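Asker: To start, I am sharing the structure in question, which I have written as structure tokens.
2 protein chains.
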Amino acid sequence: MLERIDVTVASKHYPIYIGKDLLNQSHLIIQHLSARQIMIVTNSSVAPYYLSKLQAQLHDYQCDTLILPDGEAYKTLETLATIFTHLIEHRHHRDTTLIALGGGVIGDLTGFAAACYMRGVDYLQIPTTLLAQVDAAIGGKTAVNHPQAKNLIGAFYQPNAVIIDVTTLSSLPEREFKAGLAEVIKYGLIADATFFNWLELHIDNILARDPATLTHLIKVCCQIKANLVAQDERDKGLRRLLNLGHTFAHALETGLGYGCYLHGEAVAVGLCLAAEVSQLLSNFPYSDILRIKQLIAKIGLPIALPNTLSIKQLLSLMTNDKKAKLSNLTLILLKSIGLAYCEHNVDYQWLYNYLKCK
Amino acid sequence: MLERIDVTVASKHYPIYIGKDLLNQSHLIIQHLSARQIMIVTNSSVAPYYLSKLQAQLHDYQCDTLILPDGEAYKTLETLATIFTHLIEHRHHRDTTLIALGGGVIGDLTGFAAACYMRGVDYLQIPTTLLAQVDAAIGGKTAVNHPQAKNLIGAFYQPNAVIIDVTTLSSLPEREFKAGLAEVIKYGLIADATFFNWLELHIDNILARDPATLTHLIKVCCQIKANLVAQDERDKGLRRLLNLGHTFAHALETGLGYGCYLHGEAVAVGLCLAAEVSQLLSNFPYSDILRIKQLIAKIGLPIALPNTLSIKQLLSLMTNDKKAKLSNLTLILLKSIGLAYCEHNVDYQWLYNYLKCK
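Chains A and B supply the protein sequences, listed in that same order.
First residue of the first sequence: 0, per numbering that gives the first Met the number 0; consecutive thereafter.
First residue of the second sequence: 0, per numbering that gives the first Met the number 0; consecutive thereafter.
And the structure:
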């Protein structure tokens with residue numbers, strides 16, 4: 000069965016397809032290509048599984064390929080330059096289409112390359128990790144990292160389509176699959192208490208990667224994100240709720256060095272920290288903190304800061320985050336499960352003292 | 000006297016101010032700042048003349064400065080990375096405003112940095128060269144060069160305002176001033192025969208840099224460009240007329256190495272080549288080719304390819320240009336002075352043979 004969700008923003012209207020074996024359905028891809036040139040950007044972990052399958056659908060096209068090394072450490076301006084060089088050496092023109100085949104790093108890099116190459120060419124997202132399928136590939140946020148801050152350099156740039164083949168999750172390493180579930184939990188926390196309950200009830204089926212269960216899970220997440228993005232493409236209001244746990248997580252990733260924690264692992268810790276801060280600032284129930292930590296722990300994700308990074312280091316890095324203002328912090332917090340809000344002017348010193356004593 | 004032209008595109012509406020001593024009129028600048036943070040980006044040639052004057056208007060702000068080396072050779076991804084590092088080290092947030100104080104290179108770099116930093120912050124253009132005042136700073140095209148193609152990597156990203164202080168032209172080196180006049184001539188050729196006549200009549204006053212003459216000249220150019228940009232922000236139709244001579248010019252700059260010819264010098268040659276091709280493809284009068292060459296020569300700009308670059312090398316580089324399609328070229332040509340059009344499918348081999356025999 001093929002599910003379809005539509006994303007509507009000021010600049011564009013495009014579909015997200017979700018289903019099994021979509022990589023074999025060439026019409027889904029071909030109808031979204033602008034001309035005869037394609038550049039598939041993927042990485043060395045994904046390519047052996049899915050590249051030839053994708054290429055087989057595109058034999059009528061000038062289909063070039065760039066296989067990058069795998070990992071967040073390569074989400075840099077330098078890798079971006081490699082993509083541009085590859086495009087120009089293969090003489091790609093304004094009507095080329097880039098295809099991102101891989102996880103969030105490949106999607107962010109490829110999307111940003113598409114945004115900048117000749118001031119903007121078309122691209123498709125074919126996410127192959129859970130994290131990318133429920134989050135990174137949806138909504139047009141593209142970026143590379145700066146050594147001092149994650150996603151610092153980027154663009155809002157929407158794809159022509161997002162094609163989510165849930166079959167690709169079968170090859171996803173256990174650690175990455177679990178990391179993706181942190182973002183899934185986040186959707187329940189910010190917007191859908193019923194979905195959070197459903198996650199608690201179906202966690203065993205989810206961890207067993209039952210295809211029907213995963214299809215439902217991805218569809219709910221994409222719909223929540225599409226709704227928020229439609230109301231606020233440029234992240235100036237409602238969309239910021241999606242950053243629940245992320246101000247902590249970005250600082251954590253920067254502090255530990257990119258590539259140490261997976262993004263979802265850092266988000267898991269961030270969700271727990273956000274819930275704890277919410278307890279004091281908005282009466283978020285202690286029992287719900289426990290529910291969140293139980294679900295995260297059951298998955299096997301971390302629920303607290305590692306010993307190698309102090310609260311002080313973490314907070315210092317947080318003031319570099321895009322969401323931070325000059326002296327105080329803005330944090331996304333929870334009123335209840337399913338209801339997030341934006342708390343401005345969280346005092347840096349107060350937060351330090353509070354988290355230090357936890 | 001303060002002249003004002005408004006630019007309206009889908010994404011934004013903003014003013015261009017033109018007049019004498021505008022750098023001393025702090026209200027013009029301050030009304031377009033989003034918050035308390037500013038980063039002035041300028042270069043080592045412009046800074047000694049105008050930086051302290053600009054800073055003096057902004058003493059109530061966190062006003063940081065980045066002085067880059069001067070020249071097209073620095074319009075690279077590496078310099079862009081330097082700007083990002085400077086912004087993050089001075090803890091600039093989403094509501095910062097960048098100010099481009101300089102010529103086209105500074106404007107393109109700063110505008111593209113603003114487009115990408117935290118996925119988009121505000122910026123102002125304060126162009127100090129004739130070329131930037133009549134062309135580069137108007138219309139929101141930002142970019143850096145790739146070693147193999149000029150302006151290959153960039154964004155359409157509009158400033159909050161453009162502030163053109165014609166007084167700054169008094170310090171402009173003779174060679175740069177003259178190079179800027181190539182773009183001025185281009186406006187007459189593509190859209191305004193009366194303006195072309197006016198240029199022929201007033202060329203002595205222009206070369207003497209009479210302020211009233213220059214104010215009129217800049218205003219006409221900005222109005223023509225604003226009209227075209229309003230109809231076609233993303234360069235998919237009418238705006239391409241602005242590329243008259245530029246497909247040749249970009250290839251010429253790439254072939255000779257950035258920094259050898261000034262952009263306007265390459266455009267001067269490009270205008271002559273475009274006029275010659277127009278003669279055969281659209282009956283552009285030979286007498287008008289002579290008028291164009293006479294005006295360009297009177298300014299002291301080149302009217303033919305230098306001996307160091309062959310027609311063959313030039314055409315090979317042109318197929319890498321953003322405006323080029325796979326096998327044939329698209330060129331902007333002239334039907335008459337004041338009337339440009341887009342000629343698709345110019346055969347590569349035909350063009351080679353034709354230009355070779357000229």
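Where is the CB? At the ideal position from N, CA and C, for every residue including glycine.
Since the model is a prediction, treat every value here as computed from it, not as a measurement.
Since B/G106 meets chain A, which of its residues come closer than 7 Å, beta carbon to beta carbon?
Answerer: Locating residue 106 of chain B in the second sequence gives position 107, counting from the first residue. Within chain A, no residue comes near B/G106; the closest Cβ sits about 15 Å away, beyond 7 Å.
Asker: Give a yes or no on contact between the region 33 to 48 of chain B and the region 95 to 115 of chain B, applying the rule of three or more CB pairs nearer than 8 Å.
Answerer: With a cut-off of 8 Å, the region 95 to 115 of chain B and the region 33 to 48 of chain B count as touching, because enough Cβ pairs lie within range.
Asker: Would you report the Cα separation of B/L108 and B/V143, rounded to the nearest angstrom?
Answerer: Along the second sequence, one-based indexing puts residue 108 of chain B at 109. Along the second sequence, one-based indexing puts residue 143 of chain B at 144. Approximately 6 Å between the Cα atoms of the pair.
Asker: Between which two residues does the alpha helix (DSSP H) carrying B/F283 extend?
Answerer: Residue numbering aside, residue 283 of chain B sits at position 284 when the second sequence is read from its first letter. That residue, B/F283, is in no alpha helix (DSSP H); it is neither H nor E in DSSP.
Asker: Could you list which residues in chain A have their beta carbon closer than 8 Å to that of B/Y116, in chain order?
Answerer: Translated into the one-based positions of the second sequence, residue 116 of chain B becomes position 117. Per Cβ cutoff of 8 Å: L151, I152.
Asker: Would A/P172 be called buried (16 or more neighbouring beta carbons within 10 Å of its own) or exposed?
Answerer: Counting from 1 along the first sequence, the entry for residue 172 of chain A is found at position 173. So A/P172 counts as exposed.
Asker: So, helix, strand or coil for B/K324, using DSSP?
Answerer: Stepping through the second sequence from its first residue, residue 324 of chain B is reached at position 325. Only weak support is given to the placement of B/K324: the predicted model assigns it a pLDDT of 48, under 50, and the value that follows is read from those uncertain coordinates. Looking at B/K324 - three-state DSSP - the assignment turns out to be coil, as it is neither helix nor strand.
Asker: Please report the straight-line C-alpha distance between A/A229 and A/Q222, rounded to a whole angstrom.
Answerer: Counting from one through the first sequence, the residue named residue 229 of chain A turns up at place 230. Counting from one through the first sequence, the residue named residue 222 of chain A turns up at place 223. Their backbone Cα atoms lie some 10 Å apart in a straight line.
Asker: Is it true that the region 230 to 247 of chain B meets the region 331 to 347 of chain B, where meeting means three or more beta-carbon pairs spaced less than 8 Å apart?
Answerer: The region 230 to 247 of chain B vs the region 331 to 347 of chain B: in contact.
Asker: Mind checking A/P68: buried by the 16 CB within 10 Å criterion, or exposed?
Answerer: Residue numbering aside, residue 68 of chain A sits at position 69 when the first sequence is read from its first letter. Exposed is the call here.
Asker: State yes or no: is the C-beta of A/A99 within less than 9 Å of the C-beta of A/L123?
Answerer: Taking the first sequence and counting its residues from 1, the one referred to as residue 99 of chain A is at position 100. Taking the first sequence and counting its residues from 1, the one referred to as residue 123 of chain A is at position 124. A contact, by the Cβ cut-off of 9 Å.
Asker: What's the gap between the Cα of B/V8 and the Cα of B/E232?
Answerer: If you number the second sequence from 1, residue 8 of chain B lands on position 9. If you number the second sequence from 1, residue 232 of chain B lands on position 233. The straight-line gap from Cα to Cα measures roughly 6 Å.
Asker: Of the residues B/G263, B/D121, B/L206, B/Y351, which one's Cα is nearest the Cα of B/T318?
Answerer: The residue given as residue 318 of chain B occupies position 319 in the second sequence. The residue with the shortest Cα to Cα distance from B/T318 is B/Y351.
Asker: Can you list the residues of chain A that B/L76 reaches, using a CB-CB cut of under 7 Å?
Answerer: Within the second sequence, the letter at position 77 stands for residue 76 of chain B. Here the neighbours are L76, A80.
Asker: Please look up how many angstroms separate the CB atoms of A/T110 and A/T141, rounded, as I've assumed it's under 8 Å.
Answerer: The residue given as residue 110 of chain A occupies position 111 in the first sequence. The residue given as residue 141 of chain A occupies position 142 in the first sequence. Residue 110 of chain A is actually Gly in this sequence, not Thr. Indeed they touch by this definition, with Cβ atoms about 3 Å apart.
Asker: Tell me, to the nearest whole angstrom, how far the beta carbon of B/G263 is from that of B/A178; I am working on the premise that it is less than 8 Å.
Answerer: The residue given as residue 263 of chain B occupies position 264 in the second sequence. The residue given as residue 178 of chain B occupies position 179 in the second sequence. Between B/A178 and B/G263 the Cβ distance is about 3 Å, and since that is below 8 Å, they are a contact.
Asker: Given a cut-off of 9 Å on the beta-carbon distance, is the pair B/L313 and B/L251 in contact?
Answerer: Here residue 313 of chain B refers to the residue found at position 314 of the second sequence. Here residue 251 of chain B refers to the residue found at position 252 of the second sequence. Contact: yes.
Asker: From the DSSP output, which residues share a beta bridge with A/V63?
Answerer: Locating residue 63 of chain A in the first sequence gives position 64, where the first residue counts as 1. Reading the sequence as shown, one finds Asp at residue 63 of chain A and not Val. Partner(s): A/M38.
Asker: If you draw a straight line from the alpha carbon of B/N282 to that of B/V133, how long is it in whole angstroms?
Answerer: Locating residue 282 of chain B in the second sequence gives position 283, counting from the first residue. Locating residue 133 of chain B in the second sequence gives position 134, counting from the first residue. The alpha-carbon atoms of B/N282 and B/V133 are separated by roughly 29 Å.
Asker: Within its chain, find whatever has a CB closer than 8 Å to the CB of B/R238; leave out the 5 residues flanking it on each side and keep chain order.
Answerer: In the second sequence, the residue the question calls residue 238 of chain B occupies position 239. Contacts found: G138, L227, V228, Q230, D231, E232.
Asker: Mind reading off the beta-carbon distance from A/K355 to A/I288? Whole number of angstroms is fine, and I expect it under 8 Å.
Answerer: Stepping through the first sequence from its first residue, residue 355 of chain A is reached at position 356. Stepping through the first sequence from its first residue, residue 288 of chain A is reached at position 289. Contact doesn't hold; Cβ gap of about 18 Å is too wide.
Asker: Beta carbon of B/K74, beta carbon of B/V120: below 9 Å?
Answerer: Along the second sequence, read from residue 1 onward, the residue named residue 74 of chain B stands at position 75. Along the second sequence, read from residue 1 onward, the residue named residue 120 of chain B stands at position 121. Against a cut-off of 9 Å, the Cβ pair of B/V120 and B/K74 comes out as no contact.
Asker: Using alpha carbons as the reference points, say which of B/L255, B/E199, B/A248 lies closest to B/L272.
Answerer: Walking along the second sequence from the start, residue 272 of chain B turns up at place 273. When only C-alpha atoms are compared, the closest one is B/A248.
Asker: Taking 9 Å as the CB-CB limit, is A/D121 close to chain B?
Answerer: Within the first sequence, numbered from 1, the residue matching residue 121 of chain A stands at position 122. Judged by the 9 Å Cβ criterion, A/D121 is not in contact with chain B.
Asker: Could you confirm whether any beta carbon from chain B is found closer than 9 Å to the beta carbon of A/I87?
Answerer: Position 88 of the first sequence, counted from the start, is the residue given in the question as residue 87 of chain A. Output row for A/I87: interface = yes.
Asker: Roughly how many angstroms separate the alpha carbons of B/Y16 and A/N344, rounded to a whole number?
Answerer: Here residue 16 of chain B is taken as the residue at index 17 of the second sequence, counted from 1. Here residue 344 of chain A is taken as the residue at index 345 of the first sequence, counted from 1. So the alpha carbons of these two residues sit roughly 37 Å apart.
Asker: Just confirm the distance between the C-beta atoms of B/Y49 and B/T127, as a whole number of angstroms; I'd bet it's less than 8 Å.
Answerer: Indexing the second sequence from 1 puts residue 49 of chain B at position 50. Indexing the second sequence from 1 puts residue 127 of chain B at position 128. Right, the Cβ-Cβ distance comes to about 6 Å (below 8 Å), so this counts as a contact.
Asker: Closer than 9 Å by beta-carbon distance: list the chain A residues that pair up with B/F155, in chain order.
Answerer: What you label residue 155 of chain B is simply residue 156 of the second sequence in a count that begins at 1. Ordered by position in chain A, the residues that pass the 9 Å Cβ test against B/F155 are R118, G119.
Asker: Alpha carbon to alpha carbon, what distance is there between B/I39 and B/Y60?
Answerer: Taking the first residue of the second sequence as position 1, residue 60 of chain B is located at position 61. Taking the first residue of the second sequence as position 1, residue 39 of chain B is located at position 40. Cα-Cα distance, rounded: 12 Å.
Asker: Quick one: measure Cβ to Cβ for B/Q278 and B/Y285, integer angstroms, because I've assumed they're closer than 8 Å.
Answerer: Here residue 278 of chain B is taken as the residue at index 279 of the second sequence, counted from 1. Here residue 285 of chain B is taken as the residue at index 286 of the second sequence, counted from 1. Right, the Cβ-Cβ distance comes to about 6 Å (below 8 Å), so this counts as a contact.
Asker: Comparing the C-beta of A/T318 with each C-beta of chain B, is any distance below 9 Å?
Answerer: Working through the first sequence from its first residue, we reach residue 318 of chain A at position 319. At least one chain B Cβ lies under 9 Å of A/T318.
Asker: Straight-line CA distance for A/Y186 to A/C220?
Answerer: Looking up residue 186 of chain A in the first sequence gives position 187. Looking up residue 220 of chain A in the first sequence gives position 221. Whole-angstrom Cα-Cα distance: 6 Å.
Asker: Distance check for A/I29 and B/K324, CA to CA, integer angstroms please.
Answerer: Translated into the one-based positions of the second sequence, residue 324 of chain B becomes position 325. Translated into the one-based positions of the first sequence, residue 29 of chain A becomes position 30. With a pLDDT of 48 at B/K324, under the threshold of 50, the predicted position of this residue should be treated as unreliable, though the coordinate-derived value follows. Taking the straight line joining both Cα atoms gives about 20 Å.
Asker: Using beta-carbon positions only, say whether B/I359 and B/L338 come within less than 9 Å of one another.
Answerer: Only positions 0 to 357 of chain B appear in the structure, and residue 359 of chain B is not among them; the question remains open.
Asker: Apply the 10 Å Cβ neighbour rule to B/L200 and answer buried if 16 or more other Cβ atoms are within range, or exposed otherwise.
Answerer: Indexing the second sequence from 1 puts residue 200 of chain B at position 201. Exposed.
Asker: For B/I87, I'd like the list of residues in its chain whose CB is within less than 7 Å of its CB, leaving aside the five on either flank, ordered along the chain.
Answerer: Reading the second sequence from its first residue, position 88 is the one you call residue 87 of chain B. There are no such residues.
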